[in-house]
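Each residue of the sequence shown is one higher than the last, beginning at 45 in the working numbering.
Quick reminder that beta carbons are idealized off the backbone N, C-alpha and C, glycines included.
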Amino acid sequence: MKEFATFVTHLECSYTGKTYPADQLHGLSEAGKPLLVRYDLDALAKAVSKDELRNRIPEFWRYREFLPIRKSENVVRLGELMTPILPANKLQQELACGEILIKDEGRLPTGSFKARGLALAVAMAKELGVTRMAMPTNGNAGAALAAYCSRAGIETYVFCPEDTPKVNIEEIAFQGAKTFLANGYINDCGKIVGEGKDAMGWFDTSTLKEPYRIEGKKTMGLELAEQMNWQVPDVILYPTGGGTGLIGMWKAFNELEAIGWIGSKRPRMVAVQAEGCAPIVKAFEEGERHAEPWQDAATIAAGIRVPAAVGDFLILDAVRESDGFAVAVSDEAINVAHQECATKEGILLCPEGAATLAALKQELLSGRIKSDEQVMLFNCATGLKYPMKSEHKTIDLTQPIDYEFIKGA
Ligand SMILES: *Cc1c(COP(=O)(O)O)cnc(C)c1O
C-alpha cells in the first residue's frame with residue numbers, strides 16, 4: 045500500500061468555520077453549507093517544489109500534494125491530462141482587445157472538466173469505503189460519475205432533467221449508471237437524491253454537497269498558473285452553474301500564494317450565466333450574498349442551467365474579492381459566439397464555453413473589461429456533445445457531378 049505524502053489537516057465549514065475531522069465521510073456541514081479541505085501548507089511547501097513538478101507526468105495528479113487522497117491505490121485514472129491553453133488571435137484582433145486565451149477542458153476524460161471533480165470525488169469515496177453513489181446532473185457530471193464509478197467498481201444512480209442533452213443521457217447509461225429522467229430541474233433531481241439517502245443507502249455526490257469535487261476542480265487553477273509560469277491572467281471568464289470551478293480556482297490561488305508560488309495578484313473572476321437562468325448575476329447586482337432560486341430556468345447552455353447553487357455565497361465572495369463581476373448573456377449571443385469561434389479559430393466550443401466569449405464581447409463594449417486586459421475563457425466541454433447547426437448540400441451519385449453547383453456552395 046503506497047501512501048502519498050498528503051497534508052490534509054481537517055475540513056472546515058465554508059460558512060461558519062467550524063472544523064470537522066478528515067478521513068471520515070462527510071456531506072454538507074451542520075449549517076448546511078459546503079465543507080472545504082484544509083492542508084498543512086507549510087509542510088506541503090517543504091515537500092514539493094516547482095522544479096520537481098516540472099519532471100512529472102503532464103496530468104493533474106502531478107498536483108497530488110495539493111489533493112486529499114492518501115493511498116495511491118485509490119486513485120482512479122482515465123488519463124487526466126493537462127488541458128491546452130489556446131490563443132484566439134483572430135478574435136483578439138477583431139475585438140481589438142488584450143490577449144484572449146481559451147483553456148480547452150473538452151480534452152479531459154468523458155469530454156468535460158467534470159472529470160476533474162469526479163475523479164477526486166470517486167477516489168475519495170473509494171478511500172472512505174463508499175459502494176453506491178448518486179447524483180442529479182444536467183449531463184456532464186453524470187457522465188464523469190458513471191465512468192469513474194464503473195472503473196472504481198462503485199454502483200451509480202444518476203437523475204437528469206428530462207431535457208438533458210440526449211448524448212449525455214446515453215453516455216451516462218452506456219457507462220453503467222442506473223439512469224433516470226425526471227420532469228423537472230436539476231434541483232428537483234437533487235431532492236430525489238437527498239431524500240433517498242436512507243432508503244437507498246447511497247452517497248450524495250451533488251455539486252458541493254461533498255467536499256472533494258472542489259479539490260478536483262482546484263487543479264484548474266494550479267494548472268493554469270503552472271502553464272503560465274506561475275502567473276495568472278488579468279481576467280477569467282467562467283461559465284457558472286454550481287460554481288465549483290470558480291470556487292476551486294479561487295481556493296487554488298489562495299493556497300499558491302500561501303506557499304509563495306504566486307504573488308498577491310488575482311485574476312478578476314467573472315461569473316458568466318445565461319439570461320434565462322442568472323441567479324448569481326441577480327444577487328451580484330442587488331448586492332446580496334445569497335441568491336434566490338431562479339424560476340422557469342431556460343437556456344441552451346445546459347451546464348449552467350442551475351436555478352439554485354448551494355455555494356452561491358462562495359461564488360459571490362470570490363467574484364467581489366477579486367474585483368470581478370457576474371454577467372448574463374442571451375442564448376442568441378451564445379449561438380453567434382459559438383459559430384464565430386468554430387469558423388474563425390477552428391475551436392469547437394461547447395455552448396457554455398461560447399457564453400464566455402459572448403460575455404467578453406459584451407463587456408468590452410460596456411467597458412467592464414478593458415481592452416488591454418489579458419483574458420482567459422473556459423471551454424468546459426467538447427463541442428461534439430452538443431447539436432450544431434450546419435449547412436450542407438447533397439449530391440446524387442446517379443447523376444453526373446455538377447461542379448458549378450459545388451463551386452456555388
Ligand atoms: C457543469 C458545467 C458548467 C458549470 O460548472 P460549475 O463549476 O458547476 O459552475 C459549465 N459548463 C459545462 C459544459 C458544464 O458541464
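Requested in this report: Please classify Lys241: does DSSP put it in a helix, a strand, or coil?
Outcome: helix
Query raised in the report: If you check the beta carbons only, do Asp248 and Ala178 fall under 8 Å apart?
Result: Contact: yes.
Query raised in the report: Quick one: does the C-beta of Ser250 sit closer than 7 Å to a heavy atom of ligand 1?
Result: no
Query raised in the report: Per the contact definition of three or more C-beta pairs closer than 8 Å, is the stretch 341-349 in contact with the stretch 64-80?
Result: For the pair of segments examined, the stretch 64-80 was found not to touch the stretch 341-349: the number of CB pairs separated by less than 8 Å stays below three.
Query raised in the report: Measuring CB to CB, does Leu55 end up less than 8 Å from His70?
Result: yes
Query raised in the report: Going by DSSP, what residues sit across from Ser156 in a beta bridge?
Result: Ala425
Query raised in the report: Looking only at DSSP bridge pairs, what is Phe297 linked to?
Result: Answer is none; Phe297 lacks a bridge partner.
Query - Opening and closing residue of the alpha helix (DSSP H) in which Lys262 lies - result: Annotation for Lys262: the continuous alpha helix (DSSP H) segment containing it runs 256-271.
Report task. Please report the residue range of the alpha helix (DSSP H) in which Lys326 lies. Result -> Where Lys326 is concerned, the enclosing alpha helix (DSSP H) stretches over 323-329.
**Report entry** Coarse secondary structure for Ile280, derived from DSSP in three states
**Finding:** strand
Report task. Rounded to whole angstroms, what's the CA-CA distance from Phe224 to Ile258? Just pull it up for me. Result -> The alpha-carbon atoms of Phe224 and Ile258 are separated by roughly 25 Å.
Query - Cutoff 7 Å; reference Arg310; Cβ partners in own chain excluding five residues on either side - result: Within the same chain, Cβ atoms closer than 7 Å to the Cβ of Arg310 are found at Val276, Phe297, Ser366, the five residues on either side in sequence being excluded.
Query raised in the report: Per DSSP, what kind of secondary structure is Tyr201 in: helix, strand or coil?
Result: strand
Query - Classification of Pro102 by the beta-carbon crowding that lies within 10 angstroms, buried from 16 upward - result: With fewer than 16 other Cβ atoms from the protein chains shown falling within 10 Å of its own Cβ, Pro102 counts as exposed.
Query raised in the report: Which of the three DSSP states, helix, strand or coil, is assigned to Pro395?
Result: helix
Query raised in the report: Residues in its own chain within less than 7 Å of Pro153 by CB, not counting five upstream and five downstream?
Result: Leu122, Gly123, Glu124, Ala159, Ala191
Query raised in the report: Is Thr181 helix, strand or coil when you go by DSSP?
Result: coil
Report task. Report yes if the CB atom of Leu281 is closer than 8 Å to the CB atom of Ala403, and no otherwise. Result -> Yes. Within cutoff.
Requested in this report: Output yes or no for whether 8 Å exceeds the beta carbon distance between Ala167 and Val92.
Outcome: no
Report task. Compare the Cα-Cα distances from Glu96 to each of Glu270, Ile359, Ser308 and report the closest residue. Result -> Glu270
Query - For Thr223, the three-state DSSP class (helix, strand or coil) - result: strand
**Report entry** CB contact flag (Val279, Val314, <8 Å)
**Finding:** It is a contact, given that the beta carbons lie within the stated cut-off.
Query raised in the report: Can you find a heavy atom of ligand 1 that lies under 7 Å from the Cβ of Ser156?
Result: yes
**Report entry** Buried versus exposed call for Gly61 [16 or more other C-beta atoms within 10 Å across all chains shown]
**Finding:** exposed
Requested in this report: Please determine, among Leu392, Ala353, Gln406, the residue with the shortest C-alpha to C-alpha distance to Glu376.
Outcome: The option with the nearest alpha carbon to Glu376 is Gln406.
Requested in this report: Confirm the yes/no value for this check: CB of Thr438, any heavy atom of ligand 1, distance under 7 Å.
Outcome: no
**Report entry** Boundaries of the alpha helix (DSSP H) in which Gln383 is found, first to last residue
**Finding:** Where Gln383 is concerned, the enclosing alpha helix (DSSP H) stretches over 375-389.
Requested in this report: Look up Gln317 in the DSSP assignment and give the residues it is bridged to.
Outcome: Ala372
Query - Where Phe247 falls: helix, strand or coil (DSSP) - result: In the three-state reduction of the DSSP assignment, Phe247 falls in the strand class.
Report task. Specify, as a first and last residue, the run of the alpha helix (DSSP H) that Arg482 falls within. Result -> The question about residue 482 has no answer, for the chain in this structure spans 45 to 453.
Query raised in the report: Secondary structure at Leu88, three-state DSSP: helix, strand or coil?
Result: Of the three classes helix, strand and coil, the one that applies to Leu88 here is helix, per DSSP.
Query raised in the report: Under the three-state reduction of DSSP, which class applies to Arg82: helix, strand or coil?
Result: strand
Query raised in the report: Ala341 to Ala352, Cα distance in whole Å?
Result: 10 Å
Requested in this report: With a threshold of 16 other CB atoms inside 10 Å of the CB of Phe30, please say whether the residue is buried or exposed.
Outcome: With the chain covering only 45 through 453, there is no way to say anything about residue 30.
Requested in this report: State yes or no: is the C-beta of Leu189 within less than 8 Å of the C-beta of Val202?
Outcome: Yes.
Report task. Give me the Cα-Cα distance between Ala327 and Gly411, rounded to the nearest whole angstrom. Result -> 21 Å
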